[in-house]
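Take a look at the structure set out below.
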Amino acid sequence: MRTTVTSEPLPESGTLVVPIGHDGTLSTAARALDARANGLLTRAMAAGGRLEHGRTIELLLPAGLPHERLLLLVLGRPEGTRRLDLEEAGGRLAVKLASLRVSRASLASPEGLALGIPPSEAMAALAVGCRLRAWRFTKYQHERPDEPQPKIDELVLYLDARELEATRAQLAREEAVVAGVLKARELVSEPANVLGPAEFAQACRQLERFGVTVEVLDKERLEALGMRALLGVAQGSARPPFVVVMRWCGAEQEKPLAFVGKGVCFDTGGISIKPAQGMEEMKFDMAGAAAVFGTLQALASRKAPIDAVGVVGLVENMPSGTAQRPGDVVRAMSGKTIEIVNTDAEGRLVLADCCWYAQERFKPQVMIDLATLTGACIVALGRERAGLFASDDTLAQRLLAAGEATGDLLWRLPLGKAYEQHIKSEVADIKNVGRNREAGAIAGAVFIQQFTGGVPWAHLDIAGTAWTNRDTALAAKGATGFGVRLLDWFVREYYEGSGQGR
Ligand code: BES
Ligand code: MN
Ligand code: ZN
């Protein structure tokens, strides 16, 4: 879907979307049309039922107007309207347009409505929501005549000439983030036969055209570095592992922000093999790495004035004659020894070496890892929120706020000495699982924490949020791109200096 911006007069044909207020106020554009059509909009509004934010009132061949279709889009919440509310309204608009089989629509400015958000930002937010919600992964499907939801090709934003530049600038910034989200979704949606560790590493090179430095560490290099925890996971697969380091240097800073991603391109469980039922879902087990990729792309493409580094561990967890066994003991890059009790707890092993490497090499001011780490996190929080674990309260507060602002919601869960007892091993320094079914998400988190070298660190367990089995406000069924909007907002709000935030 494309978004274009113009200050031309509203078109005289096609599908026109016109904002109206939840309290019955008409936007400037709606008022003009209402006058032209002898009060048609006012009457439609009165007859249309409750004016609930995000709803549309549809008028086919509106009397007195030349358009094929007029959609009155209700905007505003009585308790106050947030940008996210407008994005979600844009999402609902996308669904509506698709159900009407409209592929191109014109959107009039909400100017005249008391939204508390400038029209340029409101328009950008509506367009962002529309794009995010309209996206679907259809690469491997031929066109189907019975397609329930055809794609929207273009949304044209009509606004006052005075708003044009501000809207263009706002949109350019927002679209950098949208593109990052969609890229993450695309990577997550690709099946594992198409996107293995090598292909993912190759894809990372695409970031070079945004000005990101991309360094691909191959198996020999990982061996030389002593990343035996990560290599142990990879050794069952015929496809070799990679670690990719992506650096966006938009400002000279002493210490970068570090993002670390779990990139298990497919997780069979290894020798501790998973049941067949639902195993196909495990192609998504690289969603943490995809979110890091998407975040770096967003930051670089909007030229964020910060220094950020992304480290992703790309492996495939397979059972085979060369696979790691339960009971094996490996030495991580940090020197800690790990007893492998369950080969299906592989994400933490990959992150152990990636986190250690990231903090040792870059001495980051903060380090945030993202991982589809535990089924236990889904049990705890469902698919509504990702688990947040943080060694630092300020960092936790900032991430929680970023979640509320972007809709990538988080919920903080505890760390602590008592839980560290759960991963004590009889034969090695630590083991890779906790106490059976007790506090499974926390056991994963405290395990990773052992490899953070004491830098302010947060772990996001996105097992429940990286993929959705039902349509949501901003994502159709499938990969969500969770984490990209969260981290982009987090960086923009807290690390880009005053005047740069929203
Ligand atoms: N990738 C899975 C986590 C997962 C499971 C995500 C189900 C989404 C749905 C991870 O590698 C895993 O297998 N974790 C194990 C850990 C256990 C063996 C300690 C789990 O959650 O069962
Ligand atoms: Mn696993
Ligand atoms: Zn996994």
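To convert, take the position in the sequence shown, counting from 1, and add 1199; that gives our numbering.
Each residue gets a CB set at the ideal place from its N, CA and C atoms; glycine is no exception.
Unbroken beta strand (DSSP E) run spanning residue i, endpoints
i, result
"Ala1507", "Asp1506 to Asn1516"
"Arg1789", "Shown here, the chain extends from 1200 to 1701; a query on residue 1789 therefore has no answer."
"Tyr1530", "At residue 1530 the sequence reads Arg, which differs from the Tyr that was named. That run of the beta strand (DSSP E) goes Val1528 to Arg1530."
"Arg1303", "Arg1303 to Ala1307"
"Thr1255", "Thr1255 to Leu1259"
"Ile1177", "Any answer about residue 1177 is impossible in this case: the structure gives the chain only from 1200 up to 1701."
"Arg1201", "Arg1201 to Thr1205"
"Thr1605", "Thr1605 -> not in any beta strand (DSSP E); alpha helix (DSSP H) instead, spanning Asp1592 to Thr1605."
"Phe1681", "Segment: none, Phe1681 is in no beta strand (DSSP E) and carries neither H nor E."
"Ala1243", "First-last for Ala1243: Leu1239 to Ala1246, but that is the alpha helix (DSSP H), not the beta strand (DSSP E)."
"Asp1284", "Unbroken run through Asp1284 is the alpha helix (DSSP H), Arg1282 to Ser1298; no beta strand (DSSP E)."
"Thr1536", "Thr1536 to Glu1538"
Between the CA atoms of residue j and residue i - distance to the nearest angstrom
i, j, result
"Val1415", "Asp1568", "19 Å"
"Pro1261", "Glu1267", "7 Å"
"Arg1303", "Pro1396", "38 Å"
"Leu1580", "Gly1586", "7 Å"
"Lys1350", "Thr1467", "34 Å"
"Thr1573", "Arg1611", "15 Å"
"Arg1254", "Trp1656", "41 Å"
"Ala1177", "Arg1249", "The shown model of the chain, from 1200 to 1701, leaves out residue 1177, and the question about it has no answer."
"Arg1584", "Thr1593", "19 Å"
"Glu1422", "Leu1274", "57 Å"
"Gly1520", "Val1528", "17 Å"
"Gly1279", "Pro1440", "49 Å"
"Pro1613", "Glu1479", "31 Å"
"Gly1526", "Met1481", "24 Å"
"Ala1368", "Ala1243", "35 Å"
Classification of residue i by the beta-carbon crowding that lies within 10 angstroms, buried from 16 upward
i, result
"Gly1682", "buried"
"Gly1700", "Low confidence applies here, because Gly1700 scores a pLDDT of 35, under 50, leaving its location unreliable; read the following figure in that light. Burial call: exposed."
"His1341", "exposed"
"Glu1207", "exposed"
"Thr1412", "exposed"
"Leu1259", "exposed"
"Glu1362", "buried"
"Glu1287", "buried"
"Ser1298", "exposed"
"Glu1346", "exposed"
"Asn1516", "buried"
"Pro1455", "buried"
"Glu1307", "Sequence inspection shows Ala at residue 1307; the Glu mentioned does not correspond to that position. Flag for Ala1307 reads buried."
"Gln1295", "The sequence given here places Lys at residue 1295; Gln does not occur at that position. Buried: at least 16 other Cβ atoms inside 10 Å."
"Gly1639", "buried"
Range of the contiguous alpha helix (DSSP H) that encloses residue i
i, result
"Thr1227", "Thr1227 to Arg1235"
"Leu1673", "Element bounds for Leu1673: n/a, residue is neither H nor E."
"Val1327", "Pro1318 to Ala1333"
"Ile1567", "Where Ile1567 is concerned, there is no enclosing alpha helix (DSSP H), although the beta strand (DSSP E) it sits in stretches over Val1565 to Ala1570."
"Glu1559", "Gly1546 to Phe1561"
**Message:** I'd like to know if the segment 1453-1470 and the segment 1483-1490 are in contact, where contact means that at least 3 CB-CB pairs between them fall below 8 Å.
**Reply:** As far as the Cβ criterion goes, the segment 1453-1470 touches the segment 1483-1490, which means the pair count is three or higher.
**Request:** Specify whether the segment 1687-1696 and the segment 1509-1523 touch according to this definition: at least 3 beta carbon pairs, one from each stretch, less than 8 Å apart.
**Result:** As far as the Cβ criterion goes, the segment 1687-1696 does not touch the segment 1509-1523, which means the pair count is below three.
**Prompt:** Is the segment 1442-1457 close to the segment 1370-1385, with three or more CB pairs under 8 Å?
**Reply:** Result no; under three Cβ-Cβ pairs closer than 8 Å.
**Request:** Please specify which runs of the alpha helix (DSSP H), each continuous and at least 4 residues long, are wholly inside the segment 1357-1407, giving them in chain order.
**Result:** Counting only runs of 4 or more, we get 1360-1388 and 1396-1403.
**Request:** Specify whether the segment 1537-1544 and the segment 1617-1635 touch according to this definition: at least 3 beta carbon pairs, one from each stretch, less than 8 Å apart.
**Result:** A contact is defined here as three or more CB-CB pairs under 8 Å, and the segment 1537-1544 meets this definition with respect to the segment 1617-1635.
**Prompt:** Can you list, in chain order, the stretches of the alpha helix (DSSP H) that have 4 or more residues and sit fully within the segment 1418-1468?
**Reply:** Fully enclosed alpha helix (DSSP H) runs of no fewer than 4 residues occupy 1418-1424 and 1427-1433 of the segment 1418-1468, in order along the chain.
**Message:** Below 8 Å, how does it come out for the segment 1229-1240 and the segment 1320-1333: are there three or more Cβ pairs, yes or no?
**Reply:** Contact between the segment 1229-1240 and the segment 1320-1333 is absent, because fewer than three Cβ pairs lie under 8 Å.
**Prompt:** Counting Cβ pairs closer than 8 Å, one from the segment 1671-1679 and one from the segment 1360-1374, do we hit at least three?
**Reply:** No: fewer than three Cβ pairs fall under 8 Å.
**Cβ contact check for the segment 1286-1304 and the segment 1637-1651: 3 or more pairs under 8 Å** = Because the criterion of three Cβ pairs below 8 Å is not met, the segment 1286-1304 and the segment 1637-1651 do not touch.
**Prompt:** Counting Cβ pairs, one atom from each stretch, are 3 or more of them under 8 Å apart for the segment 1491-1503 and the segment 1595-1607?
**Reply:** With a cut-off of 8 Å, the segment 1595-1607 and the segment 1491-1503 do not count as touching, because too few Cβ pairs lie within range.
**Prompt:** Hey, is the segment 1548-1566 in contact with the segment 1621-1628, meaning 3+ C-beta pairs nearer than 8 Å?
**Reply:** Taking a cut-off of 8 Å on C-beta distances, the segment 1548-1566 does not touch the segment 1621-1628, as fewer than three cross pairs fall below it.
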